[in-house]
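Everything below concerns the one structure shown next.
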Ligand code: GLN
């Protein structure tokens with residue numbers, strides 16, 4: 001017997017897609033969840049595995065008890081503050097769709113500026129053969145995967161301290177069909193890495209943890225995202241210092257370092273890079289006018 005008929009016989013309320021949209025939107029709104037319509041639509045698209053247009057083309061389609069249960073569970077989790085991306089388990093990032101679990105930071109739109117800067121830099125300069133890139137703190141693999149999809153001839157190495165994050169990143173590379181171009185490995189940047197000395201990079205890219213330890217974060221970030229991916233010592237600069245002092249020698253002369261940076265960090269990152277062998281250090285602002293990306297050209301070690 002069809003679920004619809006069973007629900008009518010058992011005298012249960014039949015929830016059609018539009019009923020769920022209206023209920024979810026009101027409920028989320030009453031609980032101060034931002035963009036309530038978008039949230040309920042996203043939950044429905046995820047549970048029903050359909051596109052937004054289908055929600056409206058098939059607005060009178062009844063949900064099964066199981067589907068309804070899943071959507072309601074998602075609504076309640078949203079109200080508790082769980083990020084929607086973790087509830088539906090995926091996120092869009094720079095022309096890719098990535099799986100996210102609570103083992104990885106949710107990729108942010110600001111990080112697309114970093115990826116875009118690397119791709120533009122690559123396109124505007126000449127290259128002899130394969131370009132090698134190191135992504136430090138890869139998390140979900142977002143930066144490495146987005147670059148691998150856009151730069152035809154590249155070889156990317158991507159590291160993270162968390163082996164669980166590396167598992168997610170590897171699956172994401174397969175999902176986006178770039179697994180052959182990326183070597184993922186677990187490593188702690190604060191330890192000495194064993195590295196083949198013949199391997200040198202054209203680019204090092206990193207969106208490292210950069211939040212000062214005492215900073216107060218929104219609960220949806222503090223309670224759900226991995227702290228290891230967020231915090232970086234008392235001033236938030238720990239990983240920038242480590243990368244410019246310990247990893248710069250892995251860049252070819254003329255190779256480039258690209259960092260995502262946090263608010264109020266640009267002048268200190270500028271000094272760090274300039275003092276450690278980088279020239280032409282410059283910054284790219286985000287849409288709010290905050291310096292978000294630092295880039296510099298490595299001149300080689302001082303003799
Ligand atoms: N590279 C990942 C991102 O940009 C993870 C960053 C991190 O864990 N700090 O989202």
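In UniProt numbering, the protein residues as written are 1 to 303. For glycine and all other residues, C-beta sits at the position ideal for the given N, C-alpha and C.
Under 9 Å between the Cβ atoms of residue i and residue j?
i: residue 162; j: residue 121; result: no
i: residue 293; j: residue 146; result: no
i: residue 115; j: residue 150; result: yes
i: residue 254; j: residue 299; result: yes
i: residue 36; j: residue 28; result: yes
i: residue 168; j: residue 148; result: no
i: residue 221; j: residue 83; result: yes
i: residue 225; j: residue 105; result: yes
i: residue 153; j: residue 94; result: no
i: residue 75; j: residue 40; result: yes
i: residue 338; j: residue 165; result: Any property of residue 338 remains undetermined from this structure, which presents the chain solely from 1 to 303.
i: residue 86; j: residue 71; result: no
i: residue 155; j: residue 186; result: no
i: residue 46; j: residue 90; result: yes
i: residue 205; j: residue 290; result: no
Between the options, which has its C-alpha nearest residue i's C-alpha?
i: residue 189; options: 243, 156, 154; result: 243
i: residue 50; options: 24, 29, 139, 88; result: 88
i: residue 286; options: 100, 113, 124, 279; result: 113
i: residue 61; options: 14, 259, 249, 251; result: 14
i: residue 260; options: 276, 250, 22, 296; result: 296
i: residue 228; options: 206, 160, 284, 182; result: 160
i: residue 246; options: 277, 22, 180, 284; result: 277
i: residue 81; options: 34, 21, 19; result: 34
i: residue 67; options: 44, 57, 59, 79; result: 44
i: residue 54; options: 25, 257, 16; result: 16
i: residue 257; options: 31, 207, 77; result: 207
i: residue 19; options: 32, 31, 58; result: 58
i: residue 272; options: 192, 126, 248; result: 248
i: residue 311; options: 124, 137, 194, 25; result: A question about residue 311 goes unanswered here, because the residues of the chain that appear run from 1 up to 303.
i: residue 231; options: 157, 215, 52, 31; result: 215
i: residue 250; options: 125, 63, 123, 157; result: 157
i: residue 12; options: 38, 56, 64; result: 64
i: residue 127; options: 279, 252, 280, 262; result: 252
i: residue 180; options: 192, 144, 193; result: 144
For residue i and residue j, which I take to be in contact (beta-carbon distance under 8 Å), what is that distance rounded to the nearest angstrom?
i: residue 283; j: residue 264; result: Residue 283 to residue 264, Cβ: 12 Å. No contact.
i: residue 111; j: residue 176; result: Rounded, the Cβ-Cβ distance is 16 Å, inconsistent with contact.
(message) Check whether the stretch 126-136 and the stretch 188-205 are in contact - that is, three or more C-beta pairs closer than 8 Å.
(response) Enough Cβ pairs lie closer than 8 Å, so yes.
(message) For the pair the stretch 231-246 and the stretch 210-219, tell me if three or more CB-CB distances fall below 8 Å.
(response) yes
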